[in-house]
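Each remark here refers to the structure printed beneath this line.
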Amino acid sequence: MNNESDHEIEHRVDRLEREVERLREQLEGRQADAASAAAAEPEASDAPADPLWFVNTLGRYAPGVVMMAGAVEVPAGPVRWQYGLHADDLLARDWSELARPVEALGHPVRLELVRRILNGTQTTAELLELDQFASSGQLYHHLRQLVSAGWLTSPRRGHYEVPVSRIVPLLVLTMIAAS
Numbered sequence: 018m019n020n021e022s023d024h025e026i027e028h029r030v031d032r033l034e035r036e037v038e039r040l041r042e043q044l045e046g047r048q049a050d051a052a053s054a055a056a057a058e059p060e061a062s063d064a065p066a067d068p069l070w071f072v073n074t075l076g077r078y079a080p081g082v083v084m085m086a087g088a089v090e091v092p093a094g095p096v097r098w099q100y101g102l103h104a105d106d107l108l109a110r111d112w113s114e115l116a117r118p119v120e121a122l123g124h125p126v127r128l129e130l131v132r133r134i135l136n137g138t139q140t141t142a143e144l145l146e147l148d149q150f151a152s153s154g155q156l157y158h159h160l161r162q163l164v165s166a167g168w169l170t171s172p173r174r175g176h177y178e179v180p181v182s183r184i185v186p187l188l189v190l191t192m193i194a195a196s
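When the letters of the sequence shown are read in order and numbered with the numbering used here, they come out as residues 18 to 196.
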C-alpha cells in the first residue's frame, strides 16, 4: 500500500469513529429523554398536560412517520399493538390495493359481525341468532368476505375471531369514521 491509501483509510476510520460516537451520544440522549418522559408520564387516570403528547413525542423520535397504536382489553385478553410507516412510503404506495380490505368493512352487517366477534360472539350458531340474517347463506357470504380481506380468521370450523394484528387497526378505522 502506498502512503496515500494508508492516509485515506485512516481518514475513513476516523470519520467512522466520529459517526459511531455521534450515534452513541444521540442514542444515550434519546434514552435519557425516554427515561425522563417515562418518569414524567401521567398515570392512566390523569389527563396528559399536553393534549398532543403522542404527536409531539412521535415527532421527536420518528419524524415523518404515521403511526397507530393501542393498548386495549378485549374478551380474548389484553392487546398491545403499534404499527407505523413513513408518510413518503404511504404516499408512494398503490392505493388501489387497499380497496379490498376497506370495501369488506363497507357493509353495515359486516361491521356488526366484526364488532360482535370482537366482543366475544365467536360461533356461527351465535351469529345466526342475530336479527340481521334471513339465512345462513347470508351469514356465510359476509363471513367469507371478512375472512378473505383478513379482518377475521377461522381457527376451527364454525368459529371466528379477529386476528390480534387487526384489532387496533379496526378500532382506528371505527374511530376515524366516528370523528
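Glycine included, C-beta positions come from ideal geometry on N, C-alpha and C.
Next on the checklist: Measuring straight from C-alpha to C-alpha, what distance separates Val-185 and Met-84?
Outcome noted: 11 Å
Item to check | Boundaries of the beta strand (DSSP E) in which Ala-121 is found, first to last residue | outcome: Premise fails: Ala-121 lies in the alpha helix (DSSP H), 116-121, not in any beta strand (DSSP E).
Next on the checklist: Suppose the cutoff is 6 Å on Cβ atoms and the five residues either side in sequence are ignored; what does the same chain contact list for Pro-180 look like?
Outcome noted: Thr-170
Checklist entry - Since Thr-141 and Gly-167 are thought to touch, with beta carbons under 8 Å apart, how far apart are those beta carbons, to the nearest angstrom? => result Thr-141 to Gly-167, Cβ: 19 Å. No contact.
Checklist entry - Which residues in the same chain have their Cβ closer than 6 Å to the Cβ of Glu-88, if we skip the five residues on either side of it in sequence? => result A small fix is needed here, since residue 88 is Ala in this sequence, not Glu. If we look at Ala-88 and ignore the five residues flanking it on each side, its Cβ neighbours are Arg-97.
Item to check | Whole-number beta carbon distance between Leu-130 and Leu-107, since they are thought to touch under 8 Å | outcome: Not quite, the Cβ-Cβ distance comes to about 28 Å (not below 8 Å), so this is no contact.
Checklist entry - Any chance the region 145-156 sits against the region 100-116, with 3 or more Cβ pairs inside 8 Å? => result no
Item to check | Those residues which DSSP pairs with Tyr-100 across a bridge | outcome: Met-85
Checklist entry - Taking 8 Å as the CB-CB limit, is Asp-105 close to chain C? => result No chain C appears in this structure, which consists of one protein chain only.
Item to check | N-terminal and C-terminal residue of the beta strand (DSSP E) that Ser-171 is part of | outcome: 170-173
Checklist entry - From what residue to what residue does the alpha helix (DSSP H) around Glu-129 run? => result 125-135
Next on the checklist: Going by the DSSP bridge assignment, what does Thr-141 pair with across the sheet?
Outcome noted: Its beta-bridge partners do not exist; DSSP assigns none.
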